[in-house]
Amino acid sequence: MLSKRIIPCLDVREGRTTKGIKFQNNVDIGDPVEMARFYYEAGADEIVFYDITASHEKRDIMIDVVRRVAETIFIPFSVGGGIRTIDDMRAVLLAGAEKVSVNSAAVKTPEIISSGAKAFGSQCIVLGMDVKYVGEKENIPSGYEIVINGGRTYMGIDALEWALKGQELGAGEICLNSIDADGTCEGYEINLTSLISDNVSIPVIASGGAGTPEHLYQVLTNGFADAALIASMVHYDNYTISDIKNYLDDKNVKVRKSW
Amino acid sequence: MIAIIDYEAGNLASVKRAVSFIGYDCVVTNDIDVISHADRIIFPGVGAAGTAMNSLKRMGLDKVIVEFFNSGRPVLGICLGTQIIMGFSHENNTHCLKIIDGTVKAFAPDLRISDDICIKIPHMGWNRVVLSGKHPVFEDMQEKDEFYFVHGFYPVPDDLNHVLGVTDYGIDFASVIAYKNLIATQFHLEKSGRPGLGILKNFCRWNPC
């Protein structure tokens, strides 16, 4: 049976990991390649890099990071943030990423999903969705709306409709981030996750709100997520990936325990 | 020298990086002469069977791979490569290399992993492999090891003796095929961490008799 995936997420700005991450064992806390190695050896099933470099001119720095990560870890990893064109996708994939994630560019130009899937295969294309609860409205029947710019811009698009459209256009996976839960460490948005996961036939990675292993248990069972994104709960040494996997394993959630 | 067959099917650099990482020389190539003179070949690939077979034929690589196999030197198939060695693929109704008799089928969307949950397609993520016999390339594999899969189709050899390992995803399918000097995995050895690199290393020093 397929294991539920536990996926650390690293934010990278101009080639350095951000968030003031604390680490032991002489890991260079600012180097995304060292961080990737650390999580690879600690049992991560996959790693997500999110490039938050503001300036487009400095994006080549990220390509170099991707190349060095690909020479260092031998599990899948994806890269998102600032992917606007097929050429952006190609650069990241050729540098060695397994998948590329599109978010706001896909909201503005949905065809980037279909052309990406056609050029590189659906399995390479992850649709990143930032979602806020706004209550049920005529144009937002599910009550969940797509937002961009870190939640500042409401797009008037229903999250469930967008997920189904993304799947139809050829996305191979959805990374579903709740802006309401993000950064709270109080748990994933279970209702949102189960709504999307129940209605699409592609895998869903839950994102936003992880603070304890119980939160992962909830989203992987009641939320029907296929994978769970984690950040501060492991970056700040509160839990190791082994702690989380042991907890899930004890509660009969299938996870990969040998690496 | 190990030749990684380049037939425009996905990012073969990841296989090259993994082979280099474990300390073996390899070259990604579509040069018939280089492939014919290699010590062993790796036949990877991501994508659809129809496009892949068309590329192989156009480049003249279909015959070269079969001849290489017939020479007795070690051949490793990975993912799409493991499907292309079969006789026929239901993906684009494609006639393939037929090194192994059998077909390639699609996962049925109504397969279930529990009473109320259908499988998602593609089969993407980490899963186990249950071996039905011993093989030098798999001698270090532990029962609890898991491997990274991404695929919507799976091989079905006619002769069950060619199935070395099976994986459960709604059904038990052949995830490892072994026949003479050929070993082939449906999962990505190059993306499966320590267990994957271990198998890759064993292949790189395997001398089938």
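As given, the protein sequences belong to chains A and B, one line each in that order. Residues 12 to 270 (this note's numbering) are what the first sequence spells out, left to right. Residues 983 to 1191 (this note's numbering) are what the second sequence spells out, left to right. Here a beta-carbon is modelled for each residue, glycine too, at the ideal position from N, C-alpha and C. Please read these numbers as outputs of a predicted model, since none were measured by experiment.
Assigned exposure category for residue i - 16 Cβ within 10 Å defines buried
i, result
"B/Leu1093", "exposed"
"B/Asn1189", "exposed"
"A/Gly194", "exposed"
"A/Gln35", "Low local confidence applies: a pLDDT of 48 at A/Gln35 is under 50, so the model's placement there is unreliable, and no value is given."
"B/His1144", "buried"
"B/Ile1099", "exposed"
"B/Asp1021", "exposed"
"B/Gln1124", "exposed"
"A/Glu197", "exposed"
"B/Asn1075", "exposed"
"B/Pro1056", "buried"
"A/Asn233", "exposed"
"B/Gly1086", "The displayed chain sequence assigns Val, not Gly, to residue 1086 of chain B. Buried."
"A/Pro19", "buried"
"B/Cys1191", "exposed"
"A/Asn114", "buried"
"B/Lys1102", "buried"
Helix, strand or coil at residue i according to DSSP, with G and I counted as helix
i, result
"A/Phe34", "For A/Phe34, the pLDDT reaches just 46, beneath the cut-off of 50, and the residue's location in the model is therefore unreliable, although a value from the coordinates is still provided. Reduced to three states, the DSSP call for A/Phe34 is coil."
"B/Asn1036", "helix"
"A/Ile159", "strand"
"B/Met1041", "helix"
"B/Val1016", "helix"
"A/Phe235", "coil"
"A/Ile124", "helix"
"B/Phe1089", "coil"
"A/Tyr51", "helix"
"B/Thr1167", "strand"
"B/Val1132", "strand"
"A/Lys143", "strand"
"A/Phe85", "coil"
"A/Glu179", "helix"
"B/Trp1108", "strand"
"B/Ile1181", "helix"
"A/Lys129", "helix"
"B/Arg999", "helix"
"A/Asp62", "strand"
"A/Glu184", "strand"
Short Cβ contact (8 Å threshold) for residue i with residue j
i, j, result
"A/Val118", "A/Ile157", "yes"
"B/Pro1137", "B/Gln1065", "yes"
"A/Asp56", "A/Ile17", "yes"
"A/Gly167", "A/Gly154", "no"
"A/Leu138", "A/Ile185", "yes"
"B/Asp1044", "B/Leu1079", "yes"
"B/Phe1089", "B/Gly1107", "no"
"A/Gly91", "A/Ser112", "yes"
"A/Arg124", "A/Ala182", "In the sequence under discussion, the amino acid at residue 124 of chain A is Ile, which differs from the Arg named in the question. Contact flag set, yes."
"A/Gln283", "A/Ile201", "No answer is possible for residue 283 of chain A: the residues shown for chain A start at 12 and end at 270."
"B/Ile1165", "B/Leu1058", "yes"
"B/Glu1073", "B/Ser1037", "no"
"B/Tyr1161", "B/Ile1082", "yes"
"B/Asn1184", "B/Asp1122", "yes"
"B/Gly992", "B/Val1046", "no"
"A/Ile97", "A/Ala53", "no"
"A/Phe85", "A/Phe60", "no"
"A/Cys135", "A/Lys110", "yes"
When the options are compared against residue i, the one with the closest alpha-carbon
i, options, result
"B/Glu1049", "B/Glu1172, B/Asn1163, B/Pro1177", "B/Asn1163"
"B/Val997", "B/Val1111, B/Ile1024, B/Asp1013, B/Glu1073", "B/Ile1024"
"B/Ser1174", "A/Trp270, A/Val103, A/Ile216", "A/Trp270"
"B/Asp1154", "B/Asn1074, B/Gly1063, B/Val1112", "B/Val1112"
"A/Asn249", "A/Val264, A/Glu25, A/Asp237, A/Ala221", "A/Ala221"
"B/Asn1109", "B/Ser1157, B/Val1010, B/His1077, B/Gly1027", "B/Ser1157"
"B/Ile986", "B/Phe1003, B/Ile1004, B/Gly1005, B/Asn1012", "B/Asn1012"
"A/Ala108", "A/Ser189, A/Asp75, A/Asp169", "A/Asp75"
"A/Met12", "B/Phe1129, B/Asn1184, B/Gly1178, B/Pro1177", "B/Phe1129"
"A/Glu25", "A/Ala47, A/Ala65, A/Asp99", "A/Ala65"
"A/Tyr237", "A/Ile216, A/Glu149, A/Asp254", "It is worth fixing the name first, because residue 237 of chain A is Asp in this sequence and not Tyr. If we check each option's Cα against that of A/Asp237, A/Ile216 comes out closest."
"B/Ser1114", "B/Leu1142, B/Leu1179, B/His1133, B/Lys1102", "B/Leu1142"
"A/Gly161", "A/Ala192, A/Leu171, A/Ala53, A/Lys110", "A/Ala192"
"B/Lys1039", "B/Phe1051, B/Ile1014, B/Val1028, B/Gly1059", "B/Ile1014"
"A/Glu68", "A/Ile58, A/Asp99, A/Tyr51, A/Phe235", "A/Asp99"
"B/Thr1033", "B/His1077, B/Arg1187, B/His1019", "B/His1077"
Inter-residue CB distance, residue i and residue j (contact presumed, cutoff 8 Å)
i, j, result
"A/Lys256", "A/Val266", "5 Å"
"A/Val103", "A/Val44", "Not confirmed; about 15 Å, so no contact."
"B/Asp988", "B/Val1016", "Rounded, the Cβ-Cβ distance is 10 Å, inconsistent with contact."
"A/Val77", "A/Ala106", "4 Å"
"A/Ser212", "B/Pro1104", "Going by Cβ atoms, the distance from A/Ser212 to B/Pro1104 rounds to 10 Å, so no, they are not a contact pair."
"B/Met1068", "B/Gly1054", "Contact flag wrong, Cβ pair sits at about 20 Å."
"A/Ser218", "A/Leu187", "6 Å"
Neighbour list for residue i in chain C, Cβ cutoff strictly below 9 Å
i, result
"B/Ala1156", "In the structure shown, chain C cannot be found, because the protein chains are A and B."
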